[in-house]
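Colleague:
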Amino acid sequence: MAEDAPDKKIAAGMKAMDEGDFKKAYSHFKKLAEEYPKNADIWYYKAECGNYASGMFGAKVSSEEILDAYKKAIELDGDRVDFYQSYGLFCISINKYEEAEKAYNEAAQIDESLESSLYSEFAIEFFNNVMATYGEIMEDPKARAPYAKKALEYMLKALEITPEEAKSLL
1 MAEDAPDKKI AAGMKAMDEG DFKKAYSHFK KLAEEYPKNA DIWYYKAECG NYASGMFGAK
61 VSSEEILDAY KKAIELDGDR VDFYQSYGLF CISINKYEEA EKAYNEAAQI DESLESSLYS
121 EFAIEFFNNV MATYGEIMED PKARAPYAKK ALEYMLKALE ITPEEAKSLL
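If you're matching positions, the sequence shown starts at 1 in this note's numbering and goes up one per residue.
Written out as structure tokens, the structure is:
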């Protein structure tokens, strides 16, 4: 971490998060990000709280604000798998699939021991989001094919199985 914020200030935001008050936590971390602009953890918590507050609690936090906070956290500390993973998951939730794929691949490069879980998470979350977003359209196998193919490619990567090997197994 490039810059330390007083632990008590971060703890206050974390307490609000633990209590499920994401609007309060978001406001808290938003202020801390202005006070400590070089602290990656604060930017990450700001993004996470903004994501939960806007999604579950209807707070008026724009997707761009949340994306920017994740990007800032990654810019300040680009070696954190959880930053990329959370950013990727958020990107999936707002249908920014290429950006999500890039984030998951970055995370997998940082910690190769997590490759399988990251690739499988991407495959499942991506495919579930596509199915939910495009609904009835996805009942058509031809419309579903490119999305299913991408999800399957990542599941095979997670299992470290080639397409040929998968075919022989099936």
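The beta-carbon is built from N, C-alpha and C at its ideal position, and this holds for glycine as well.
State the Cα-Cα distance for the pair LYS150 and ALA123, rounded to the nearest angstrom.
Modeller: Position 150 of the sequence shown holds residue 150. Position 123 of the sequence shown holds residue 123. Approximately 7 angstroms, taken between the alpha carbons.
Colleague: Tell me the rounded alpha-carbon separation between TYR84 and LYS96.
Modeller: In the sequence shown, counting from the first residue as 1, residue 84 sits at position 84. In the sequence shown, counting from the first residue as 1, residue 96 sits at position 96. So the alpha carbons of these two residues sit roughly 14 angstroms apart.
Colleague: Since TYR45 contacts PHE22 with CB under 8 angstroms, what's their CB separation in whole angstroms?
Modeller: Mapped onto the sequence shown, residue 45 falls at position 45. Mapped onto the sequence shown, residue 22 falls at position 22. Actually they do not touch by this definition, with Cβ atoms about 10 angstroms apart.
Colleague: How long is the line joining the alpha carbons of LEU169 and TYR154, rounded to whole angstroms?
Modeller: Counted from its first residue, the sequence shown places residue 169 at position 169. Counted from its first residue, the sequence shown places residue 154 at position 154. Spanning the two alpha carbons is a distance of roughly 17 angstroms.
Colleague: Are the CB atoms of TYR26 and ALA47 nearer to each other than 7 angstroms?
Modeller: By 1-based counting over the sequence shown, the position of residue 26 is 26. By 1-based counting over the sequence shown, the position of residue 47 is 47. No. Outside cutoff.
Colleague: Quick check on the burial criterion: 16 or more other C-beta atoms within 10 angstroms. Buried or exposed for LYS142?
Modeller: Taking the sequence shown and counting its residues from 1, one reaches residue 142 at position 142. So LYS142 counts as exposed.
Colleague: Looking at the C-beta of ILE74, does it have a partner C-beta in chain B at a distance below 7 angstroms?
Modeller: The structure shown contains no chain B, having only a single protein chain.
Colleague: Report yes if the CB atom of ASP111 is closer than 7 angstroms to the CB atom of VAL81, and no otherwise.
Modeller: Along the sequence shown, read from residue 1 onward, the residue named residue 111 stands at position 111. Along the sequence shown, read from residue 1 onward, the residue named residue 81 stands at position 81. In contact: ASP111 and VAL81 (Cβ atoms closer than 7 angstroms).
Colleague: Using three-state DSSP, classify LEU170 as helix, strand or coil.
Modeller: Your numbering for residue 170 matches position 170 in the sequence shown. Coil, per DSSP.
Colleague: Which two residues bound the contiguous alpha helix (DSSP H) that contains TYR87?
Modeller: Position 87 of the sequence shown, counted from the first residue, corresponds to residue 87. Taken as a continuous stretch (DSSP letters only), the alpha helix (DSSP H) holding TYR87 covers 81 to 93.
Colleague: What is the DSSP secondary structure of ILE137, reduced to helix, strand or coil?
Modeller: Taking the first residue of the sequence shown as position 1, residue 137 is located at position 137. Helix, per DSSP.
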